[in-house]
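Protein chains in written order, with our numbering: chain Z, 1 to 152; chain P, 1001 to 1138.
C-beta atoms are modelled at their ideal positions from N, C-alpha and C, and glycine is treated no differently.
Keep in mind it's a predicted model, so treat the numbers as computed, not measured.
In what follows, a structure is listed as structure tokens, so that the remarks can point back to it.
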Amino acid sequence: MILGKKNNVSEETFKNEQKIMATTPIPSNNMNDVNRIALGTKLVGDMASENDIRIDGDFEGRLYCAGRLVVGEKAVLKGDFYCADIDFSGTMKGGNIYAKQTLSLKSGCTIEGNLFFQRFQVELDSRFTGACKVIGEAEFNKVSAPVSAMLK
Amino acid sequence: MDNNVNLNEVSRISAGTAFKGEITCTGDIRVDGKFDGRLNSKGRLVAGEKAVMNGDVICQNVDFSGKMDKGTFYVADTLSLKSGCSVTGDLRYKRLQVDLDAKITGTLSALTESEFVKAAAEKPVVKAEKSNDTGKEE
């Protein structure tokens, strides 16, 4: 029965909560789910991931990450990066960074390239050369589509 | 096998991740996701049960439990095919170990050191996509 019953409200709420719980991704705190590009490793090409990524090595190409991208101090990147959230402490040698939500530049990082984000945070002693622009989720989804399609 | 590997030095392509291109690494690497291209590692490759690989793998040691769709292994030392794995392609190795229930389709042959060096020095076929500064679609 969809109509009638007044106490349907609580039942519906319960069902909705269950639905939300079922569809909300569990934050990937599991070390095994985190992608890692260690120091001494170089990737050239395209990569797409549903999980978090940590880079301490070199990456050149295009990268899509539905989770958080953490770029370590010694990392060197080049190309286009599309991520939900980014903590950046490394070096960027040309390209674009698109953050669906927050882009955070940490102290000591060096960036040559363009930044697109919804929210932006810069620590003292970040070096940044390039342009920046606020973008919405729709635009993010549009520009990241060619790379995120790899997951399908 | 050395179990005292520092996990922070191991590169990892986790499940839910797809990679297309070339990986060069000095350390060990673990793959649980999709890999398409060329992997050149001076260490050990461990491919998990859910790994799906395609392309050339050039490694010192390999523990393979996943699926190789089409490709070539060049293994300088030991190639170990674990139970449940499925491999289609050419296997070149110094030493080979195969578990029961490993599915292999392709050729097996021993690899000399000079052949391995030659394979490792080969230029990769894949190239990085250009940055879309111009807004150009691939």
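Could you compute how far the alpha carbon of residue i sits from the alpha carbon of residue j?
{"i": "P/A1120", "j": "Z/V70", "result": "30 Å"}
{"i": "P/T1017", "j": "Z/D58", "result": "18 Å"}
{"i": "Z/F128", "j": "P/E1009", "result": "29 Å"}
{"i": "Z/L63", "j": "P/T1112", "result": "37 Å"}
{"i": "Z/S28", "j": "Z/V76", "result": "Summary for Z/S28: the model assigns pLDDT 49, below 50, so the residue's position carries little reliability; its value from the coordinates is reported in the next sentence. Cα to Cα, the separation comes out at about 25 Å."}
{"i": "P/G1037", "j": "P/V1057", "result": "8 Å"}
{"i": "P/I1104", "j": "Z/R54", "result": "34 Å"}
{"i": "Z/S104", "j": "Z/R119", "result": "8 Å"}
{"i": "Z/D87", "j": "Z/L39", "result": "17 Å"}
{"i": "Z/A66", "j": "Z/G90", "result": "20 Å"}
{"i": "P/C1085", "j": "Z/K19", "result": "36 Å"}
{"i": "P/A1015", "j": "P/A1076", "result": "27 Å"}
{"i": "P/A1047", "j": "P/G1066", "result": "6 Å"}
{"i": "Z/L43", "j": "P/S1109", "result": "29 Å"}
Taking Cβ positions only, does residue i come closer than 8 Å to chain P?
{"i": "Z/K42", "result": "yes"}
{"i": "Z/S126", "result": "no"}
{"i": "Z/T129", "result": "no"}
{"i": "Z/S49", "result": "yes"}
{"i": "Z/R36", "result": "yes"}
{"i": "Z/M92", "result": "no"}
{"i": "Z/D87", "result": "no"}
{"i": "Z/G61", "result": "yes"}
Taking the CB atoms as reference points, tell me whether residue i and residue j lie closer together than 8 Å.
{"i": "Z/G79", "j": "Z/E60", "result": "yes"}
{"i": "Z/R36", "j": "P/S1011", "result": "yes"}
{"i": "Z/K100", "j": "Z/A84", "result": "yes"}
{"i": "P/D1032", "j": "P/I1013", "result": "yes"}
{"i": "Z/A131", "j": "Z/N114", "result": "yes"}
{"i": "Z/G45", "j": "P/E1022", "result": "yes"}
Could you tell me whether any Cβ in chain Z is nearer than 8 Å to the Cβ of residue i?
{"i": "P/K1020", "result": "yes"}
{"i": "P/R1012", "result": "yes"}
{"i": "P/E1122", "result": "no"}
{"i": "P/G1027", "result": "yes"}
{"i": "P/E1009", "result": "yes"}
{"i": "P/T1017", "result": "yes"}
{"i": "P/I1023", "result": "yes"}
Assuming residue i is part of the beta strand (DSSP E), what are its boundary residues?
{"i": "P/A1051", "result": "Note, P/A1051: premise wrong, no beta strand (DSSP E); not H, not E."}
{"i": "P/A1076", "result": "K1067 to L1081"}
{"i": "Z/V76", "result": "V76 to F88"}
{"i": "P/C1025", "result": "T1017 to C1025"}
Quick check on the DSSP output: the alpha helix (DSSP H) that includes residue i runs from which residue to which?
{"i": "Z/E50", "result": "No alpha helix (DSSP H) holds Z/E50; DSSP gives it neither H nor E."}
{"i": "P/K1118", "result": "E1113 to A1121"}
{"i": "Z/K142", "result": "E137 to S148"}
Handout entry: Cβ-based contacts, 8 Å cut-off: residues of the segment 1047-1081 of chain P near chain Z
Key = none
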